[in-house]
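Asks: In the numbering used here, the protein residues as written are 4 to 257.
C-beta atoms are modelled at their ideal positions from N, C-alpha and C, and glycine is treated no differently.
Once you've had a glance at the structure underneath, I'll fire off some questions.
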Amino acid sequence: MAPTVIELDRFHLPSPRCPYLPDQRAVMEYRILAGLTHQQYDQLLERGWRRFGMSFFRPACPDCTRCRSLRVDVERFAPSRSQRRSLRRNATVGVRVQAPTLTERHVELYNAYHELMHRRKGWPLQRIDEDEYAATFLSGHWPFAREFLYHQDDRLIGVALADVTSRSLSSVYFFHDPAWRPGGPGVFSILQQIAFAQRHKLSYQYLGHWIAECPSMAYKSAYRPHELLAGSPADDEAPTWVRPESQPGDGSRS
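Below, the structure is given as structure tokens:
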């Protein structure tokens with residue numbers, strides 16, 4: 004990878020239980036990087052790294068390789084019938100893309116969303132304040148960080164954090180007003196990010212890691228055509244991305 008990435012720290016963090024495959028033990032590899040350029044970040048994305056806050060991470064589990072990085076071929080993507088329904092259902096939702104910001108409504112939405120997921124899926128209940136939000140989503144002053152703001156009648160109802168480089172868009176995090184849930188905000192948000200990537204002539208949208216056996220990750224493979232990363236290549240190794248044979252080649256379907 005050239006130019007060389009400035010690495011401040013690198014470490015592994017084990018977990019006694021994988022949150023996606025309960026029979027497995029999870030290990031994540033983390034890197035703390037400085038002065039990252041768009042080109043360097045693209046090269047990290049191509050090798051399965053993701054950013055959250057100040058750190059970059061990817062799975063490094065000793066006994067399992069089922070986590071695969073998934074990216075959508077933006078140029079060849081065409082929405083499915085159900086995805087087109089999502090666009091029609093949310094036709095009155097306004098979208099604005101800008102550098103990440105912080106308001107009381109951001110924190111209110113984040114906490115409301117996590118309370119919803121605590122009730123629905125048993126997520127740990129964690130409320131944050133404005134300082135904690137800033138430390139998580141605004142720290143680092145990354146030049147490629149963006150937020151997609153979703154408004155209904157001038158009221159903020161959803162926030163998607165993403166990174167936009169010269170070649171790619173990487174989805175980082177999404178939270179929304181629980182009242183919007185019947186509208187399928189997750190699908191709508193991904194479609195808006197893909198549309199943004201298409202308008203800006205980007206090549207790929209990275210949706211994070213995907214496990215074929217994990218129901219909570221199944222939605223990622225619905226965006227086609229997509230590719231899966233083989234293994235965990237080092238910085239100086241060429242990555243190999245494979246398109247699953249079972250999906251349409253051009254992304255268009257009824």
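What residues are listed by DSSP as bridge partners for residue 62?
Replies: Start at 1 with the first residue of the sequence shown, and residue 62 comes out as number 59. For residue 62, which the question treats as bridged, DSSP gives the partners 31.
Asks: For residue 253, which residues in the same chain have their Cβ closer than 8 Å to its Cβ, ignoring the five residues on either side in sequence?
Replies: Walking along the sequence shown from the start, residue 253 turns up at place 250. Bear in mind that the predicted position of residue 253 carries a pLDDT of just 45, short of 50, making it unreliable; the figure below should be weighed with that in mind. So the qualifying residues of the chain are 79, 81, 228.
Asks: On a Cα-Cα basis, can you pick out the residue from 99, 123, 203 that is closest to residue 153?
Replies: Taking the first residue of the sequence shown as 1, we reach residue 153 at position 150. Closest by alpha carbon: 99.
Asks: Whole angstroms are fine: how far does the CA of residue 40 sit from the CA of residue 27?
Replies: As a first step, residue 27 must be located in the sequence shown, where it is residue number 24. As a first step, residue 40 must be located in the sequence shown, where it is residue number 37. Distance between the alpha carbons of residue 27 and residue 40 is about 35 Å.
Asks: Quick check on the burial criterion: 16 or more other C-beta atoms within 10 angstroms. Buried or exposed for residue 22?
Replies: Stepping through the sequence shown from its first residue, residue 22 is reached at position 19. Label assigned to residue 22: exposed.
Asks: Mind checking which residues open and close the alpha helix (DSSP H) that includes residue 119?
Replies: Start at 1 with the first residue of the sequence shown, and residue 119 comes out as number 116. Looking at the DSSP string, the run of the alpha helix (DSSP H) that includes residue 119 is 107-124.
Asks: Taking the beta carbon of residue 11 as the centre, do at least 16 other beta carbons fall within 10 Å, making it buried, or is it exposed?
Replies: As a working note, residue 11 is residue 8 in the sequence shown. Answer is exposed; the Cβ neighbour count stays below 16.
Asks: Can you give me the C-alpha to C-alpha distance between residue 20 and residue 29, rounded to a whole angstrom?
Replies: The residue you call residue 20 lines up with position 17 of the sequence shown. The residue you call residue 29 lines up with position 26 of the sequence shown. Those two C-alpha atoms are separated by around 6 Å.
Asks: So who's on the other strand from residue 171, going by DSSP bridges?
Replies: Indexing the sequence shown from 1 puts residue 171 at position 168. Beta-bridge pairing links residue 171 to 207.
Asks: What residues in its chain sit with their C-beta under 6 Å from that of residue 75, if we drop five residues either side in the sequence?
Replies: For the purposes of this step, residue 75 is taken as residue 72 along the sequence shown, with counting starting at 1. Here the set comprises 208, 226, 229.
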